[in-house]
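Peer 1: Residue numbers (our numbering): 48 to 259.
Beta carbons: idealized from backbone N, C-alpha and C, even for Gly.
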Ligand SMILES: Nc1nc2c(ncn2[C@@H]2O[C@H](COP(=O)(O)OP(=O)(O)OP(=O)(O)O)[C@@H](O)[C@H]2O)c(=O)[nH]1
Ligand SMILES: [Mg+2]
């Protein structure tokens, strides 16, 4: 069995949620953090974040999830938004193809502001809107494979997969940090030097340092 960490060890992971306006970013976060959904939510202005405690293997992991405006004119300074992020959810709306077509742009922004790859999940939200679906599950999956991302479809409205989406990202970050702490003395110096530490885990890229 792996050695237990010293008592008092804490994990705090910053995760950013990005994607076009009205894809459901704020509702995904409120569903995850407070089990709430707002059918008439207003567009986000600036930046908000919530901290949610998640139990992973009996350890307390704090996820600080940041939500910002999809609309350019309401966005806060992006470099500050991304600073220190170790995970990301990139969200589109399965009933609006244009939001899926924007994913590459959001990935580009992530890569511009973070000099390392992160634990990133592609999220097709509003899976409850099956009758007006414009993006198939296969298209989502295949883009995720191409870009080496996790993939999931969610519904903030009926709660499908919302917790799983966030917890998969949190666990991916956690597992890699644990591996690093247990297996490598150089973890701390790597972080302080802002060096890229890329670990290929299945089809997912992860690392623990985002700064610029
Ligand atoms: N049917 C359905 N509607 C949803 C779902 N998630 C969000 N919505 C609705 O979509 C609209 C936009 O949701 P928001 O969460 O405010 O979207 P956002 O991505 O935060 O938008 P910005 O803050 O402008 O970037 C609201 O009317 C929500 O009620 C979902 O899973 N299913
Ligand atoms: Mg919002």
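How many Å lie between residue 109 and residue 132 at the Cα?
Peer 2: For the purposes of this step, residue 109 is identified with residue 62 of the chain shown, where counting begins at 1. For the purposes of this step, residue 132 is identified with residue 85 of the chain shown, where counting begins at 1. Residue 109 and residue 132: Cα-Cα distance of roughly 13 Å.
Peer 1: With residue 67 and residue 77 assumed to form a contact (beta carbons below 8 Å), what rounded beta-carbon distance in angstroms separates them?
Peer 2: As a working mapping, residue 67 is identified with position 20 in the chain shown. As a working mapping, residue 77 is identified with position 30 in the chain shown. Rounded, the Cβ-Cβ distance is 18 Å, inconsistent with contact.
Peer 1: Hey, residue 139 and residue 171 are a contact pair by Cβ (cut 8 Å); roughly how many whole angstroms apart?
Peer 2: Looking up residue 139 in the chain shown gives position 92. Looking up residue 171 in the chain shown gives position 124. Sure, about 6 Å apart at Cβ, within 8 Å.
Peer 1: Can the beta-carbon of residue 174 be found less than 7 Å from the beta-carbon of residue 202?
Peer 2: For the purposes of this step, residue 174 is identified with residue 127 of the chain shown, where counting begins at 1. For the purposes of this step, residue 202 is identified with residue 155 of the chain shown, where counting begins at 1. Yes, the Cβ-Cβ distance between residue 174 and residue 202 is below 7 Å.
Peer 1: Counting along the chain, where does the alpha helix (DSSP H) carrying residue 124 start and finish?
Peer 2: On the chain shown, residue 124 is found 77 positions in, with the first residue counted as 1. Where residue 124 is concerned, there is no enclosing alpha helix (DSSP H), given that its DSSP letter is neither H nor E.
Peer 1: Report the three-state DSSP secondary structure of residue 102 (helix, strand or coil).
Peer 2: Residue mapping note: residue 102 aligns to position 55 of the chain shown, counting from 1. Three-state result, residue 102: strand.
Peer 1: Taking a contact to mean a Cβ-Cβ separation below 7 Å, would you say residue 197 touches residue 215 in this structure?
Peer 2: Here residue 197 refers to the residue found at position 150 when the chain shown is read from its first residue. Here residue 215 refers to the residue found at position 168 when the chain shown is read from its first residue. The answer is yes: Cβ separation under 7 Å.
Peer 1: Regarding residue 72 and ligand 1, is the C-beta to nearest heavy atom distance less than 6 Å?
Peer 2: Looking up residue 72 in the chain shown gives position 25. Yes - ligand 1 has a heavy atom lying nearer than 6 Å to the Cβ of residue 72.
Peer 1: Return the chain-ordered list of same chain residues with a C-beta closer than 7 Å to the C-beta of residue 95, the five sequence neighbours on each side being excluded.
Peer 2: Taking the chain shown and counting its residues from 1, the one referred to as residue 95 is at position 48. Around residue 95: 114.
Peer 1: Distance, Cα to Cα, residue 192 vs residue 60?
Peer 2: Indexing the chain shown from 1 puts residue 192 at position 145. Indexing the chain shown from 1 puts residue 60 at position 13. Approximately 24 Å, taken between the alpha carbons.
Peer 1: Which runs of the alpha helix (DSSP H) at least 4 residues long sit entirely within the segment 154-192? Give them in chain order.
Peer 2: Listed in chain order, nothing qualifies, since the segment 154-192 has no complete alpha helix (DSSP H) run of 4 or more residues.
Peer 1: According to the neighbour-count rule (16 or more other Cβ atoms, all chains shown, within 10 Å of its Cβ), is residue 200 buried or exposed?
Peer 2: In the chain shown, counting from the first residue as 1, residue 200 sits at position 153. Classification for residue 200: buried.
Peer 1: Quick one: grab the DSSP three-state call for residue 196.
Peer 2: Here residue 196 corresponds to residue number 149 of the chain shown, with the count starting at 1. Residue 196: coil per DSSP, three-state reduction.
Peer 1: Skipping 5 residues on each side, what residues in its chain have a beta carbon closer than 6 Å to that of residue 236?
Peer 2: Here residue 236 refers to the residue found at position 189 of the chain shown. In this predicted model, residue 236 has a pLDDT of only 41, less than 50, meaning its place in the structure is not dependable; the value taken from the coordinates is given anyway. The answer is none, since no qualifying residue turns up.
Peer 1: Leaving out five residues before and five after residue 88 in sequence, what residues of the same chain have Cβ atoms less than 7 Å from its Cβ?
Peer 2: Taking the chain shown and counting its residues from 1, the one referred to as residue 88 is at position 41. Same-chain partners within the cutoff: 73, 74.
Peer 1: Which whole-angstrom value is the C-beta distance of residue 111 and residue 80, which I expect to be below 8 Å?
Peer 2: Along the chain shown, one-based indexing puts residue 111 at 64. Along the chain shown, one-based indexing puts residue 80 at 33. Their Cβ separation, rounded to whole angstroms, is 11 Å, which puts residue 111 and residue 80 out of contact at 8 Å.
Peer 1: Which first and last residues belong to the beta strand (DSSP E) in which residue 69 is found?
Peer 2: Working through the chain shown from its first residue, we reach residue 69 at position 22. Neither: residue 69 is in no beta strand (DSSP E) and is coded neither H nor E.
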